[in-house]
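Peer 1: A single structure is presented below for examination.
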Amino acid sequence: MSQTNQEYLDHLRHSAAHLLAKAVLELWPGSHNAIGPSIDNGFYQDFDMGEVKISEADLPQIEAKMRQLLPQWQKFTFKEVSLQAAKKLFRHNPYKLAMAEEFAKGGKKLMTNDPGNFLDLCKMGHVANPAEELKHFKLLSVAGAYWRGDEKNKMLTRIYGTAWPSQKELERYLWQLEEAKKRDHKVLGKKLDLFCFSNLVGPGLPLWTPKGTILRNLLDDFVWELRKVRGYEKVEIPHLTKKDLYVKSGHWDKFKNELFHIKSQEGYESALKPMNCPHHTQIFARRPFSYREMPQRYATTTMVYRDEQSGELSGLTRVESITQDDSHVFCRENQIKAEANSAWDIADAFYKAFGFKVQVRLSLHDPNNPKAYLGEPHTWHKAESSLRELAHERGVKVKEAVGEAAFYGPKIDFMASDSLGRQWQVATIQLDFNMPERFNLNCVNEKGRKESIVMMHIAIMGSIERFLAIIIEHFGGAFPTWLSPVQAKVLPISQNHHTYANKVASKLKASGLRVEIDDTNQSLPKRVKLSQEQKIPYVVVVGDREAKENTVSVRLRGKKDQTTLSLSDFTQKLSTQIASKALSPSLT
RNA sequence: GCCGAGGUAGCUCAGUUGGCAGAGCAUUCCCAUGGUAAGGGAAAGGUCGCGGGUUCGAUUCCCGCCCUCGGCUCCA
């Protein structure tokens with residue numbers, strides 16, 4: 070979308086937010102409107118509704134009011150006002166007052182706008198002819214939102230809506246929302262039997278079924294394959310630790326409230342680990358290392374636990390037991406670039422296999438705010454320029470985000486987009502000068518002196534739970550064959566063909582494929598339907614013809630036509646497809 | 001945690017203005033032995049999220065709790 074189009078959409082949606090404000094204020098005269106911006110795909114408007122409670126059931130009547138008002142809105146008129154005038158105009162609306170004061174303080178001009186019957190404090194940016202241009206909108210949902218986004222403030226009522234230049238675009242967007250709902254990982258996870266929750270186990274603690282576990286293990290194996298050849302070693306750590314570890318790492322102060330606390334019989338204060346880095350430091354700290362042995366690269370796929378606020382939990386994207394594909398590289402300063410490069414290779418290879426478009430962000434420190442960071446400025450500059458250099462050498466366009474660095478070091482973040490257009494931070498490569506210092510980690514250099522080292526935190530998926538949610542929605546449940554829990558389903562046409570079906574399945578299994586036979590007493594069309602619903606890549610039908618000729622009749626996921634080929638030919642082609650991690654099933 | 005909407009059979013959902021609880025799919029059994037997206041029939045299946053209260057009687061009304069979903073970043 071071009072800049073001008075985006076600008077026009079913003080104007081359109083911002084205008085729609087004004088219309089919504091006017092409609093609600095007319096319907097509920099005691100209410101006050103706060104902010105109402107244009108957002109991705111739509112707009113919202115916040116209200117202080119006083120004692121009135123509105124819900125989604127009220128949206129149709131608000132929409133009707135908006136449509137009733139709209140013809141009167143021929144043109145927005147803007148006027149600059151003094152702070153004093155603004156204070157008088159909006160004396161009944163504490164939110165507008167607060168904003169007016171704040172903007173005046175910030176040296177901004179105060180503007181009002183009026184479409185004819187509704188004076189509002191407002192920045193510029195509206196459509197020229199609202200009565201005509203604003204027609205294609207729809208209110209979508211009601212939610213609570215804190216004033217200024219701060220949970221210490223009053224909770225306002227937020228109404229979300231969407232608006233488009235034409236009816237066609239509006240309908241297309243609504244259709245997209247419906248489609249996205251069908252791809253929802255929570256819906257598909259149940260349908261494809263991948264994971265579940267239990268009230269007895271607790272909220273935010275997903276349980277993994279046999280099929281879901283296959284997926285998890287395949288993903289983890291893939292990451293390990295990529296790490297192994299780059300010199301990583303697997304290590305294993307307990308899920309508990311004494312408080313002392315986190316006091317020393319500095320996490321205790323910062324994360325105390327997010328930890329699950331445990332008291333031992335002896336009275337030791339302990340906690341379930343919310344991250345793995347402090348544990349890994351203790352593996353590195355077990356003995357002195359020579360520079361010749363550096364870097365040390367430790368990898369562990371393991372669960373961490375975080376005590377989240379109950380309302381924050383959501384499907385697999387926000388859980389309390391999180392599996393991290395974590396790794397930590399302990400290296401010398403002059404090894405940072407090579408190690409970051411190697412980790413970048415892993416992330417590249419991994420995300421390429423899923424057909425993801427990944428954006429890379431270089432998160433840097435803010436030199437104007439040195440207090441927010443640990444370590445010497447020259448260390449930061451050296452580290453940051455080596456990352457920048459690396460990005461340049463790789464020919465990757467990165468977005469530099471000043472002030473986004475962790476307090477302990479700069480990082481490279483990889484962002485992937487899901488089917489709802491949400492961006493998720495996935496892989497991350499973080500430099501850490503802090504932890505080695507706190508734990509006094511070092512190596513012996515060429516001169517026989519102790520040399521402080523750098524720790525790198527590298528995760529490829531980040532959280533397997535969240536990554537699975539992303540790819541379930543990304544693929545709509547139709548996983549590449551190498552990932553599919555069931556890669557081929559064998560359907561004997563009738564009970565006379567069970568023997569041959571078993572032979573086919575055995576042969577495929579012998580080649581390491583995940584195969585099921587559906588020999589239930591159901592019609593063939595029914596069993597084909599079930600297999601398609603389960604998104605099984607290869608449906609293999611066998612009857613008299615196939616048994617006689619030692620062939621299989623194969624139907625590819627999502628396709629109607631079938632191909633008949635010899636059993637050995639099929640087995641071989643399937644193995645090739647899997648080895649190449651092809652995105653969709655085929656017989657080439 | 002806060003705002004709003006929900007929780008009814010294994011699943012997706014309907015329903016009861018307070019009076020024996022409903023469908024489709026799935027399950028089990030019977031018939032049919034199938035050629036590529038639902039063959040036919042029968043049966044079984046419920047503490048109507050949990051705990052209190054009001055009532056002759058509560059799945060329904062009231063109170064408390066648990067869980068799920070949409071939000072709580074986008075600034076006039």
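Position in the first sequence (from 1) plus 69 gives the number in this note's numbering.
No residue lacks a Cβ here, since even glycine has one placed at the ideal position from N, Cα and C.
(1) Does DSSP put Gln72 in a helix, a strand or coil?
(2) So, is Tyr337 buried or exposed, given that buried needs 16 or more other C-beta atoms within 10 angstroms?
(3) Excluding the 5 residues flanking Met70 on each side, which residues of the same chain have their C-beta closer than 7 Å to its C-beta?
(4) Give, in chain order, every unbroken run of the beta strand (DSSP E) that is at least 3 residues long and sits entirely within the segment 113-176.
(5) Per DSSP, what kind of secondary structure is Lys595 in: helix, strand or coil?
(6) Where Arg583 and Leu263 are concerned, what is the direct C-alpha to C-alpha distance, given to the nearest angstrom?
(7) By a C-beta neighbour count over all protein chains shown, 10 Å radius and 16 as the cutoff for buried, is Gly119 buried or exposed?
(8) Using only the alpha-carbon positions, how far apart do Leu431 and Ser151 sit?
(9) In chain order, which beta strand (DSSP E) runs of at least 3 residues are fully inside the segment 570-624?
(10) Taking C-beta to C-beta, are Thr369 and Ile306 nearer than 8 Å?
(11) Comparing the CB of Glu515 with every heavy atom of the ligand NAD, is any distance shorter than 7 Å?
(12) If you drop the 5 nearest sequence neighbours on each side, which residues of the same chain put their C-beta closer than 7 Å to that of Pro364?
(13) With Phe639 as the anchor, note down where its alpha helix (DSSP H) starts and where it stops.
(14) What's the C-alpha gap between Lys148 and Pro184?
(15) Going straight from the alpha carbon of Lys323 to that of Glu377, what length do you get?
(16) Met484 by DSSP, collapsed to three states: which one?
(17) Is the Cβ-Cβ distance between Thr310 and His348 less than 8 Å?
(18) Since Met524 sits in a beta bridge, which residues does DSSP pair it with?
(19) For the beta strand (DSSP E) that Glu228 lies in, which residues bound it at each end?
(20) Under the three-state reduction of DSSP, which class applies to His80: helix, strand or coil?
(21) Cβ atoms of Val211 and Ser339: under 8 Å apart, would you say?
(22) How about His434 and Pro479: do their beta carbons lie closer than 8 Å?
(23) Report the rounded CA-to-CA distance for Tyr477 versus Phe508, giving the unit in angstroms.
(24) Would you kindly work out how many angstroms separate the C-alpha atoms of Gln72 and Asn198, rounded to a whole number?
(25) How should His80 be labelled, buried or exposed, when 16 other C-beta atoms within 10 angstroms of its C-beta is the threshold for buried?
(26) Among all the DSSP beta bridges, which residues are the ones paired with Asn198?
(27) Measuring only the C-alpha atoms, how far is Gly581 from Pro654?
(28) Restricting to runs no shorter than 3 residues, where is the beta strand (DSSP E) found entirely within the segment 419-445?
(29) Which same chain residues, not among the five before or five after Phe187, have their C-beta less than 6 Å away from its C-beta?
(30) Counting only the same chain and skipping the five closest in sequence on each side, list residues whose C-beta sits under 8 Å from that of Arg160.
(31) How is Tyr242 classed by DSSP in three states: helix, strand or coil?
(32) Hey, Ser396 and Arg366 are a contact pair by Cβ (cut 8 Å); roughly how many whole angstroms apart?
(33) Quick test of your reading: Leu382 and Gly273, contact by CB under 8 Å. State the CB separation rounded to the nearest angstrom.
(34) My understanding is that Ile550 touches Ala648, with C-beta atoms under 8 Å, so please give their C-beta distance in whole angstroms.
(35) Do Gln631 and Ser644 have their CB atoms nearer than 8 Å?
(36) Give me the residue from Gly300, Val298, His330 and Val559 with the minimum Cα distance to Asp313.
Peer 2: Let's see:
(1) In the first sequence, counting from the first residue as 1, residue 72 sits at position 3. Since pLDDT at Gln72 reaches only 49, below the 50 mark, its modelled position is unreliable, and no value is offered.
(2) Taking the first sequence and counting its residues from 1, the one referred to as residue 337 is at position 268. With fewer than 16 other Cβ atoms within 10 Å, it is exposed.
(3) In the first sequence, counting from the first residue as 1, residue 70 sits at position 1. Per-residue confidence for Met70 stands at a pLDDT of 44, beneath the threshold of 50, marking its modelled position as unreliable; the derived number appears in the next sentence. The answer is none, since no qualifying residue turns up.
(4) 146-150
(5) Residue 595 sits at position 526 when you count from the first residue of the first sequence. Of the three classes helix, strand and coil, the one that applies to Lys595 here is helix, per DSSP.
(6) Translated into the one-based positions of the first sequence, residue 583 becomes position 514. Translated into the one-based positions of the first sequence, residue 263 becomes position 194. Roughly 16 Å between the two C-alpha positions.
(7) Counting from 1 along the first sequence, the entry for residue 119 is found at position 50. With fewer than 16 other Cβ atoms within 10 Å, it is exposed.
(8) For the purposes of this step, residue 431 is taken as the residue at position 362 of the first sequence. For the purposes of this step, residue 151 is taken as the residue at position 82 of the first sequence. Near 42 Å, if we compare the C-alpha coordinates of Ser151 and Leu431.
(9) 584-586 and 607-611
(10) Start at 1 with the first residue of the first sequence, and residue 369 comes out as number 300. Start at 1 with the first residue of the first sequence, and residue 306 comes out as number 237. A contact, by the Cβ cut-off of 8 Å.
(11) Among the ligands in the structure shown, none appear at all, so the ligand NAD cannot be discussed.
(12) Counted from its first residue, the first sequence places residue 364 at position 295. These residues qualify, in order along the chain: Val398, Phe399, Cys400, Gln404 and Glu408.
(13) Here residue 639 refers to the residue found at position 570 of the first sequence. Start and end: Leu636 to Ala648.
(14) For the purposes of this step, residue 148 is taken as residue 79 along the first sequence, with counting starting at 1. For the purposes of this step, residue 184 is taken as residue 115 along the first sequence, with counting starting at 1. About 12 Å.
(15) The sequence position of residue 323 within the first sequence is 254, counting from 1. The sequence position of residue 377 within the first sequence is 308, counting from 1. For Lys323 and Glu377, the distance between alpha carbons rounds to 14 Å.
(16) Here residue 484 refers to the residue found at position 415 when the first sequence is read from its first residue. In the structure shown, Met484 sits in a strand (DSSP, three-state: E or B).
(17) The count along the first sequence starts at 1 and reaches residue 310 at position 241. The count along the first sequence starts at 1 and reaches residue 348 at position 279. Yes.
(18) On the first sequence, position 455 is the one that residue 524 refers to. Answer by DSSP bridge pairing, in chain order: Phe399 and Asp501.
(19) To locate residue 228, count along the first sequence from 1; it is residue 159. The sequence shown places Ile at residue 228, not Glu. From DSSP, the beta strand (DSSP E) with Ile228 extends over Met224 to Ala232.
(20) Mapped onto the first sequence, residue 80 falls at position 11. Note: His80 maps to helix in three-state DSSP.
(21) Taking the first residue of the first sequence as position 1, residue 339 is located at position 270. Taking the first residue of the first sequence as position 1, residue 211 is located at position 142. Not a contact, by the Cβ cut-off of 8 Å.
(22) Position 365 of the first sequence, counting from 1, holds the residue named residue 434. Position 410 of the first sequence, counting from 1, holds the residue named residue 479. Closer than 8 Å, so yes.
(23) Position 408 of the first sequence holds residue 477. Position 439 of the first sequence holds residue 508. Distance between the alpha carbons of Tyr477 and Phe508: 14 Å.
(24) Here residue 72 refers to the residue found at position 3 of the first sequence. Here residue 198 refers to the residue found at position 129 of the first sequence. For Gln72, the predicted model reports a pLDDT of 49, less than 50, meaning its position is unreliable; a value from the coordinates is still stated below. Those two C-alpha atoms are separated by around 20 Å.
(25) Residue numbering aside, residue 80 sits at position 11 when the first sequence is read from its first letter. Classification for His80: buried.
(26) As a working mapping, residue 198 is identified with position 129 in the first sequence. None; Asn198 has no bridge partner.
(27) By 1-based counting over the first sequence, the position of residue 581 is 512. By 1-based counting over the first sequence, the position of residue 654 is 585. About 17 Å.
(28) 427-433
(29) Along the first sequence, one-based indexing puts residue 187 at 118. Taken in chain order, the residues that qualify are Lys91.
(30) As a working note, residue 160 is residue 91 in the first sequence. Result list for Arg160: Leu166, in chain order.
(31) For the purposes of this step, residue 242 is taken as the residue at position 173 of the first sequence. Here Tyr242 sits in helix by DSSP.
(32) If you number the first sequence from 1, residue 396 lands on position 327. If you number the first sequence from 1, residue 366 lands on position 297. Indeed they touch by this definition, with Cβ atoms about 7 Å apart.
(33) Position 313 of the first sequence, counting from 1, holds the residue named residue 382. Position 204 of the first sequence, counting from 1, holds the residue named residue 273. Their Cβ separation, rounded to whole angstroms, is 4 Å, which keeps Leu382 and Gly273 in contact under 8 Å.
(34) Position 481 of the first sequence, counted from the first residue, corresponds to residue 550. Position 579 of the first sequence, counted from the first residue, corresponds to residue 648. In the sequence on display, residue 550 carries Thr and not Ile. Incorrect: roughly 10 Å between the Cβ atoms, too far for contact.
(35) Working through the first sequence from its first residue, we reach residue 631 at position 562. Working through the first sequence from its first residue, we reach residue 644 at position 575. Contact flag unset, no.
(36) The residue given as residue 313 occupies position 244 in the first sequence. Of the listed residues, the one whose Cα sits closest to Asp313 is His330.
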